[in-house]
Amino acid sequence: MTPISAALATDELSAFGGIVAFNRPLDADTAAALAKQFVEVVAAPDFAPEVEQALRARKNLRVVRMAPADLATDSPWDVRLLGPWGLLQRDAGHAAPEWRTVTKRAPSAAELEGLGFAWTVVAHARANAIVLARGTRLVGLGSGQTSRVDAVDLALGKARRAGHDPKGAVLASDAFFPFADNVEHAAAAGITAVVQPGGSMRDAEVIAACDAHAVAMMFTDRRVFEH
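Taking the working numbering, I'd label the letters of the sequence shown as residues 2 to 228.
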């Protein structure tokens with residue numbers, strides 16, 4: 002399975018329309034796979050001449066040449082506007098703390114790989130966000146929910162709808178688990194390892210629930226919750 006087919010297989014129902022962005026030059030094979038989809042924007046640092054020509058021939062498809070440097074900024078500030086109001090947030094600028102295992106069982110090497118990938122993805126999702134992964138494949142995403150347990154259930158439901166068995170996958174949460182019900186729902190579906198920031202007043206209950214189900218859990222001690 003190619004990377005693009007693996008990505009599309011995450012949730013083929015949702016892979017309709019929208020924007021597809023790459024952090025590397027777009028090759029012919031990947032462009033051919035994209036041409037089979039309905040996509041509105043394709044962005045990449047560079048395109049082979051024949052690739053760009055083929056994509057631009059697609060009706061209503063916008064092709065944007067954009068490299069990571071084009072988005073870089075020296076400013077540590079992030080501004081969100083709502084009517085006359087604004088939320089000004091500042092990146093702390095210091096290195097993230099090392100992850101730490103807080104359960105009796107530590108994650109395996111394979112679980113650690115999945116947790117690292119899931120954490121990268123969940124950091125860019127809308128809170129409340131939950132990501133399920135197996136290795137470097139996204140198998141379920143629940144984001145923008147009003148409660149964290151709803152995000153867990155949505156991620157599990159979308160994984161199953163796409164034909165993915167959550168059993169053996171790992172889970173990342175963009176903010177702490179306020180209750181142990183998140184772990185109970187995840188463990189019942191076969192999730193084997195979890196990464197989350199920690200910091201809830203019920204951390205001890207959440208950790209105990211993981212230990213009861215032999216689920217490994219790591220704390221990042223850093224939140225990536227997007228307001």
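Positions of the beta carbon are idealized from the N, C-alpha and C atoms, including for glycine.
Under DSSP, GLN197 shares a beta bridge with PHE220.
Going by C-alpha positions, ALA32 is about 11 Å away from GLN54. Annotation: PRO167 to LYS159 spans about 10 Å, alpha carbon to alpha carbon.
For LEU83, the enclosing beta strand (DSSP E) starts and ends at 78-83. Judged by their CB atoms, PHE178 and VAL225 are not nearer to each other than the 7 Å cut-off. At the C-beta level, ASN183 and VAL140 stay beyond 7 Å of one another. For the stretch 68-144, the full-length alpha helix (DSSP H) segments reaching 4 residues or more read 69-72 and 110-123 along the chain.
ALA130 is positioned such that its CB atom lies closer than 7 Å to that of SER144. In the assembly as shown, PRO85 is an exposed residue. Its beta-carbon has fewer than 16 other beta-carbons within 10 Å.
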